[in-house]
Each structure stands twice: as structure tokens, then as C-alpha cells.
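**Student:** In the working numbering, the protein residues as written are 2 to 83.
Ideal Cβ placement from N, Cα and C applies to all residues, glycine included.
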């Protein structure tokens with residue numbers, strides 16, 4: 002519930018897209034459920050793809066945010082995004 006509230010505080014509106022790039026685990030499901038509670042669209046991205054391919058998916062999908070499982074993955078994505 003707290004994560005669903007956080008999405009609203011970030012200013013996201015129904016049908017906005019948020020990417021999830023993390024391995025399957027309970028947190029992934031919690032993140033997905035929080036997005037669905039707010040009417041947001043989840044954009045799943047395999048955590049094993051190259052950062053350049055993930056950047057393409059992010060840009061093509063119009064995702065406003067991305068949820069990752071580690072600081073290392075965040076740095077990889079940030080290195081290829083404008």
C-alpha cells in the first residue's frame with residue numbers, strides 16, 4: 002500500500018508506464034501489484050538483457066520511471082540513457 006501511495010505522490014496518473022527490471026522475487030510482485038492498484042501500466046524488462054536494449058524498451062514504451070533491484074543495475078541503465 003505504501004508503494005501505491007508513493008506512485009501518486011510522484012504525480013503518476015492512470016495509464017502512465019513504469020518499468021520493472023529485476024529478477025522474479027516477492028518484491029517484483031509487490032511492485033506490480035502497487036502499479037495495478039493505481040491503474041498504472043507495468044513494463045517488465047528482463048534483467049539479463051543488455052543495458053542498451055533496456056534503454057530502447059524504456060524509450061519506446063514511454064516509461065516515466067524504472068524500478069531496479071540494485072544500484073549496479075541503476076548505474077548500467079543511467080549510463081546508456083540520455
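Suppose contacts are defined by Cβ-Cβ distances below 9 Å. Is residue 38 in contact with residue 67 by that definition?
**Tutor:** No; because the gap between Cβ atoms is not below 9 Å, this pair is not in contact.
**Student:** Could you compute how far the alpha carbon of residue 36 sits from the alpha carbon of residue 69?
**Tutor:** Answer to the nearest angstrom: the Cα atoms are 14 Å apart.
**Student:** Is the beta carbon of residue 48 closer than 9 Å to that of residue 20?
**Tutor:** No, the Cβ-Cβ distance between residue 20 and residue 48 is not below 9 Å.
**Student:** Could you give the first and the last residue of the continuous alpha helix (DSSP H) run that contains residue 3?
**Tutor:** From DSSP, the alpha helix (DSSP H) with residue 3 extends over 3 to 10.
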